[in-house]
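Undergrad: Input: one structure, supplied below.
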Amino acid sequence: MGRSPCCEKSHTNKGAWTKEEDEKLISYIKVHGEGCWRSLPKAAGLFRCGKSCRLRWINYLRPDLKRGNFSDEEDELIIKLHSLLGNKWSLIAGRLPGRTDNEIKNYWNTHIKRKLLSRGLDPQTHRRRQENPKEITDQSTDEEPSSQINLELSISLPYTSDDHRKPEGLPEFSPMMMNSSFARISTDHKTLCLCYNLGFQRGQTCACQSMQRPQVIGFCRPL
DNA sequence: AATGTCATCAACCGCGACCGG
DNA sequence: CCCGGTCGCGGTTGATGACAT
Numbered sequence: 001m002g003r004s005p006c007c008e009k010s011h012t013n014k015g016a017w018t019k020e021e022d023e024k025l026i027s028y029i030k031v032h033g034e035g036c037w038r039s040l041p042k043a044a045g046l047f048r049c050g051k052s053c054r055l056r057w058i059n060y061l062r063p064d065l066k067r068g069n070f071s072d073e074e075d076e077l078i079i080k081l082h083s084l085l086g087n088k089w090s091l092i093a094g095r096l097p098g099r100t101d102n103e104i105k106n107y108w109n110t111h112i113k114r115k116l117l118s119r120g121l122d123p124q125t126h127r128r129r130q131e132n133p134k135e136i137t138d139q140s141t142d143e144e145p146s147s148q149i150n151l152e153l154s155i156s157l158p159y160t161s162d163d164h165r166k167p168e169g170l171p172e173f174s175p176m177m178m179n180s181s182f183a184r185i186s187t188d189h190k191t192l193c194l195c196y197n198l199g200f201q202r203g204q205t206c207a208c209q210s211m212q213r214p215q216v217i218g219f220c221r222p223l
């Protein structure tokens, strides 16, 4: 038994995409828009599975992609966001206009990890790397932002309008973060909406109020 | 010039979440 | 509530190019 395949493997291409395949995908999405990836390949005349089409579009063909090297500002933003969100690449990508989760994940693994290690920081914890456990406990005054903030991301009950406030101790965010999805972070047992923290009015930038299952997960999408 | 090693990144895979019947 | 189909995410792989020997 087991999981059924996402598509008919014997009739699908794999590996690198050809120019012709790219053109077919682009022209189809231009006319019909994104979505329904399962049926898209057949409709677009592609011998690819829907997942492959989706990935190719999102990571490579989308017209709003930035491409090119990451700036120092982006580097630092990724590091800060990673210290807040961990390996939630899609959330991080949502705050870097024109960058994809895959791109950021690759960039993290190839560049930023090394950058942090050269600074003597652990890429996962963002704390100073110490051999001696005692020294770790002694670094409570570490200047890294992640050590000053309760960064716990938690699943929480939907907040009321009163929760749309910026609690004490919340980190400052740059306008670059304003892109797609916003996280609601629980700090000191209080749930907050990040877009409100960034200065937007309720309902202006996110769809918190209309989340379908706000009680299940604390993330929401922009309007 | 040939070969080996390393770095990069596009693409794949498997799983969990979501959603409609 | 359950089930099956679909989507999206994160980890991993493999092809390719750059650089070193």
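Heads up: the first sequence begins at 1 in UniProt numbering, then just goes up one per residue. For glycine and all other residues, C-beta sits at the position ideal for the given N, C-alpha and C. Small disclaimer: the values here were computed from a predicted structure and weren't measured.
In this structure, how does DSSP classify Leu-40 when only helix, strand and coil are distinguished?
TA: helix
Undergrad: For the alpha helix (DSSP H) containing Trp-108, name the first residue and the last one.
TA: First-last for Trp-108: undefined, no H or E at that position.
Undergrad: I believe Glu-21 touches Leu-55 by the beta-carbon criterion, under 8 Å. Please report the beta-carbon distance rounded to the nearest angstrom.
TA: So it is not a contact: roughly 13 Å between Cβ atoms.
Undergrad: Compare the C-alpha of residue 279 against each of Ala-44, Ala-43 and Tyr-60 and name the closest.
TA: Residue 279 falls outside the range modelled here, since the chain spans only 1 to 223, and no answer is possible.
Undergrad: Going by alpha carbons, who is nearest to residue 225 out of Thr-110, Arg-67 and His-126?
TA: The shown model of the chain, from 1 to 223, leaves out residue 225, and the question about it has no answer.
Undergrad: Buried or exposed for Cys-53, please, with buried defined as at least 16 other CB atoms from any protein chain shown within 10 angstroms of its CB.
TA: buried
Undergrad: Hey, Asp-75 and Trp-89: beta-carbon distance below 8 Å or not?
TA: no
Undergrad: Does the distance from the C-beta atom of Ile-92 to that of Ile-104 stay below 8 Å?
TA: yes
Undergrad: For Leu-121, which three-state DSSP category applies?
TA: Strand at Leu-121.
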